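Heads up, the final residue of the sequence shown is numbered 1191 in our numbering, and it's a clean run with no missing numbers.
All C-beta atoms, glycine included, are put in the ideal place defined by N, C-alpha and C.
These figures come from a predicted structure and were not determined experimentally.
A quick write-up on the structure given underneath.
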Amino acid sequence: MGLCLGSLGSSIACCFGNAFCSLCCSSCPTCKGSTSTRIAYSFILLVGLITSCIMLIPGLDHLLHKIPALCRNTAVNKQLLNMIDCSKVIGSLAVYRLSFGLTIFFGILSLLMIKVKNSNDFRAKIQNGFWAFKLLLAIALIVAAFFIPNNGFDYAFMIIGLIGGFLFILVQLLFSIDFVHSWNESWVDRVESGSKKHGYGLLFFTFLLYILTITGIVLFYVYYAPNRTICRLHTFFISFNLCLCVILSIISILPCVREYNSSCGLLQSSFVSLYVIYYTWSAMSNNPDSRCNPSFRAIIHPMNATIAADQVRQENLSDPITIIGLLFFVCTLFYSVITTSRNSRAKKLFLSSSIDSTILDDAQLVNSVTDDKWILGSDEHHHQRVYDDERGSVKYNYSLFHLMFLLATLYAMMTLTNWYAPAKDFHTYNNNLASLWVKIISSWLCVVLYVWTCIAPAVFPDRDFS
726 MGLCLGSLGS SIACCFGNAF CSLCCSSCPT CKGSTSTRIA YSFILLVGLI TSCIMLIPGL
786 DHLLHKIPAL CRNTAVNKQL LNMIDCSKVI GSLAVYRLSF GLTIFFGILS LLMIKVKNSN
846 DFRAKIQNGF WAFKLLLAIA LIVAAFFIPN NGFDYAFMII GLIGGFLFIL VQLLFSIDFV
906 HSWNESWVDR VESGSKKHGY GLLFFTFLLY ILTITGIVLF YVYYAPNRTI CRLHTFFISF
966 NLCLCVILSI ISILPCVREY NSSCGLLQSS FVSLYVIYYT WSAMSNNPDS RCNPSFRAII
1026 HPMNATIAAD QVRQENLSDP ITIIGLLFFV CTLFYSVITT SRNSRAKKLF LSSSIDSTIL
1086 DDAQLVNSVT DDKWILGSDE HHHQRVYDDE RGSVKYNYSL FHLMFLLATL YAMMTLTNWY
1146 APAKDFHTYN NNLASLWVKI ISSWLCVVLY VWTCIAPAVF PDRDFS
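Now the structure itself:
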């Protein structure tokens, strides 16, 4: 419902032509078509995320029933076809169904866009235009998902969500490592240019991130491993990941590593260490053993531990782990969309496409755009243009881009439902041991990926990693 209403205005606007960004962003500067397209798809995904959050608001069922002639009482008024069963459009099962529709939508586009080389391909026009039809397709798939019988659908799609969420965590790791390397390189260059404030900034954030990491480890021992005998698994996770954080910090400052890779440093190590600690916390929070897994409210209000544990499972949107996970998700999404660096490590690994050496650079391309064929939108007053920057070759792999958004949809679905296994009525949740291992393995892979970015130039000195 929310997705339909939220997308209606955009659908009507997009029906009048391909000037999507000039219509919505007339006050913006000249924009590349590849960037505007990625932003548009991001908004589609974000509208789905917001709608899913609305579906999980506690007490929404009672609010909907207060609206006259809207909700049908399934026990009394089944014959009233003009009413809807509001219990089916709220809760985690509704989030699963909405996510299923978006997953199919991005999956279709991913298959359709395989091996698109440049904007002359008709499929590139589908990628960058026809927004009204694509929005209608997404809405139709979501609506159709609500008619799927719940005969094992929840558990089957939960398994798919676990796999897709795990794969997106790996993609998220790549972008996070790319971001922190770029951050460090940028500030180190400023320091070498004589900027003292950037030097102080490097020291401040490095110490801050390490302090947060150490604080997290101490709190984990206190609250998630209070009894070393009963909570041996948690004790192992905390101790082992602590050792990994120490090892990766030492590796990042080794002279033999910095000789070949001067961009490595303690800022990146502190960031990755905190990232590893977050996933350790997130993994332990999915342990079915409540003796080693106190809820956040139980930690704050130990006298009401039982009540707090029940409430946190019902009001999972207020869980700090969910909030942090969604913040990571949104940051990763927009970083993948707006980053334009051709040396981006993450783009090389996942989203980049080979760039033809004969393509003009951005400034030359903007100045050379004189044919209306390449101008997607213009405004005489604001001089805003969306120009085609993919005539010679696409700027990103269309198919892999939609595959990433498919995985992002599954990750958002699992994060919103706290990676819990659905109970029979799907309004309560059970901790999921599988999600514990998905997250803890992700934390270990994070260390492996970061260490590899540090030592790869030393292992292969003849290869260009710049």
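Checklist line | ASN1092 burial status per 10 Å Cβ neighbour count (16 or more: buried) | finding: Translated into the one-based positions of the sequence shown, residue 1092 becomes position 367. Confidence in ASN1092 is poor, its pLDDT being 47 and thus under 50, which makes the residue's placement unreliable; the coordinate value appears in the next sentence. Result: exposed.
Margin query: Output needed for ARG915: all residues of its chain with C-beta closer than 6 Å, excluding positions within five of it in sequence on either side, in chain order.
Written below: In the sequence shown, the residue the question calls residue 915 occupies position 190. Only HIS923 meet the Cβ criterion.
Checklist line | Stretch pair the region 871-884 + the region 835-847: three plus CB contacts closer than 8 Å | finding: no
Item checked: Cβ-based neighbour list, VAL1062, same chain, cut-off 7 Å, excluding 5 preceding and 5 following -> Taking the first residue of the sequence shown as 1, we reach residue 1062 at position 337. Only ARG763, ILE764 and SER767 meet the Cβ criterion.
Margin query: Suppose contacts are defined by Cβ-Cβ distances below 8 Å. Is VAL896 in contact with MET1129 by that definition?
Written below: Position 171 of the sequence shown, counting from 1, holds the residue named residue 896. Position 404 of the sequence shown, counting from 1, holds the residue named residue 1129. Contact flag set, yes.
Notebook entry, point to check: Going by Cα to Cα distance, which pick from LEU827, PHE900, SER777 and SER835 is closest to ILE864?
Noted result: Locating residue 864 in the sequence shown gives position 139, counting from the first residue. Comparing Cα positions, the closest option is LEU827.
Notebook entry, point to check: So does GLN852 have its beta carbon nearer than 7 Å to some heavy atom of the ligand GTP?
Noted result: What this structure holds is no ligand at all, so the ligand GTP is not there to describe.
Checklist line | Status (buried if at least 16 other CB within 10 Å, exposed otherwise) for ASN986 | finding: Translated into positions along the sequence shown, residue 986 becomes position 261. Under this definition ASN986 is a buried residue.
Item checked: ILE1049 versus LEU928: straight-line alpha-carbon distance, rounded -> For the purposes of this step, residue 1049 is taken as residue 324 along the sequence shown, with counting starting at 1. For the purposes of this step, residue 928 is taken as residue 203 along the sequence shown, with counting starting at 1. Distance between the alpha carbons of ILE1049 and LEU928 is about 24 Å.
Notebook entry, point to check: For SER977 versus SER998, is the C-beta distance shorter than 8 Å?
Noted result: By one-based count along the sequence shown, residue 977 stands at place 252. By one-based count along the sequence shown, residue 998 stands at place 273. Not in contact: SER977 and SER998 (Cβ atoms no closer than 8 Å).
Item checked: Simplified DSSP assignment, three categories, for ILE873 -> To locate residue 873, count along the sequence shown from 1; it is residue 148. Three-state result, ILE873: coil.
Item checked: Distance between PRO1182 and GLY889 (C-alpha atoms, nearest Å) -> By one-based count along the sequence shown, residue 889 stands at place 164. By one-based count along the sequence shown, residue 1182 stands at place 457. Their Cα atoms are separated by approximately 31 Å.
Margin query: With a threshold of 8 Å, are at least 3 pairs of Cβ atoms found where one atom belongs to the region 1000-1010 and the other to the region 1158-1169?
Written below: yes
Notebook entry, point to check: Along the chain, where does the alpha helix (DSSP H) that runs through ILE1060 open and close?
Noted result: Counting from 1 along the sequence shown, the entry for residue 1060 is found at position 335. The identity of residue 1060 in the sequence shown is Tyr, whereas the question assumes Ile. Counting along the chain, the alpha helix (DSSP H) containing TYR1060 begins and ends at 1045-1063.
Note to self: Rounded to whole angstroms, what is the Cα-Cα separation between LEU818 and PHE830?
What the structure shows: Start at 1 with the first residue of the sequence shown, and residue 818 comes out as number 93. Start at 1 with the first residue of the sequence shown, and residue 830 comes out as number 105. Roughly 19 Å between the two C-alpha positions.
Next item on the list: With ILE1180 as the anchor, note down where its alpha helix (DSSP H) starts and where it stops.
Entry: Locating residue 1180 in the sequence shown gives position 455, where the first residue counts as 1. Per DSSP, ILE1180 belongs to the alpha helix (DSSP H) from 1158-1184.
Check: First and last residue of the alpha helix (DSSP H) that includes ALA950?
Finding: Residue 950 sits at position 225 when you count from the first residue of the sequence shown. No alpha helix (DSSP H) holds ALA950; DSSP gives it neither H nor E.
Notebook entry, point to check: Nearest-angstrom Cα distance between LEU1076 and THR940?
Noted result: Reading the sequence shown from its first residue, position 351 is the one you call residue 1076. Reading the sequence shown from its first residue, position 215 is the one you call residue 940. Because the pLDDT at LEU1076 is just 46, under 50, the model does not fix this residue reliably, and the value given afterwards should be weighed accordingly. Each residue's Cα considered, the two are about 36 Å apart.
Note to self: If you follow the alpha helix (DSSP H) that LEU958 is in, where does it begin and where does it stop?
What the structure shows: One-based indexing of the sequence shown puts residue 958 at position 233. Taken as a continuous stretch (DSSP letters only), the alpha helix (DSSP H) holding LEU958 covers 957-977.
Margin query: Measuring alpha carbon to alpha carbon, tell me which residue in ILE1180, ILE769 and THR760 is nearest CYS981.
Written below: Looking up residue 981 in the sequence shown gives position 256. It is ILE1180 whose Cα lies nearest to the Cα of CYS981.
Check: Between GLU984 and chain B, is there a C-beta pair that is closer than 8 Å?
Finding: Among the chains of the structure shown, chain B does not appear; only one protein chain is present.
Next item on the list: Could you check how far apart the C-beta atoms of PHE891 and VAL1173 are, in whole angstroms? I think they sit under 8 Å.
Entry: By 1-based counting over the sequence shown, the position of residue 891 is 166. By 1-based counting over the sequence shown, the position of residue 1173 is 448. So it is not a contact: roughly 15 Å between Cβ atoms.
Next item on the list: Go through its chain and collect everything with a Cβ distance to CYS968's Cβ below 6 Å, but skip five positions before and after it.
Entry: In the sequence shown, counting from the first residue as 1, residue 968 sits at position 243. If we look at CYS968 and ignore the five residues flanking it on each side, it has no Cβ neighbours.
Item checked: Where ARG763 sits in the DSSP three-state scheme -> The residue given as residue 763 occupies position 38 in the sequence shown. Three-state result, ARG763: helix.
Notebook entry, point to check: Hey, LEU1051 and THR1140: beta-carbon distance below 8 Å or not?
Noted result: Here residue 1051 corresponds to residue number 326 of the sequence shown, with the count starting at 1. Here residue 1140 corresponds to residue number 415 of the sequence shown, with the count starting at 1. In this structure, THR1140 lies closer than 8 Å to LEU1051 by Cβ.
Notebook entry, point to check: Do you know whose CA, among LEU836, LEU1161 and PHE882, lies nearest ASN1122's CA?
Noted result: Counted from its first residue, the sequence shown places residue 1122 at position 397. Residue LEU836 is the option with its Cα nearest to ASN1122.
Item checked: Proximity winner among SER901, ARG848 and ALA881, relative to PHE1059 (alpha-carbon distances) -> Here residue 1059 is taken as the residue at index 334 of the sequence shown, counted from 1. Among SER901, ARG848 and ALA881, the Cα nearest to that of PHE1059 is on SER901.
Item checked: TRP1144 burial status per 10 Å Cβ neighbour count (16 or more: buried) -> The count along the sequence shown starts at 1 and reaches residue 1144 at position 419. TRP1144 should be labelled buried.
Next item on the list: Could you round the C-beta distance between LEU823 and ILE867 to whole angstroms and report it? I think they count as a contact, below 8 Å.
Entry: On the sequence shown, position 98 is the one that residue 823 refers to. On the sequence shown, position 142 is the one that residue 867 refers to. The pair is a contact, with the Cβ atoms about 5 Å apart (cut-off 8 Å).
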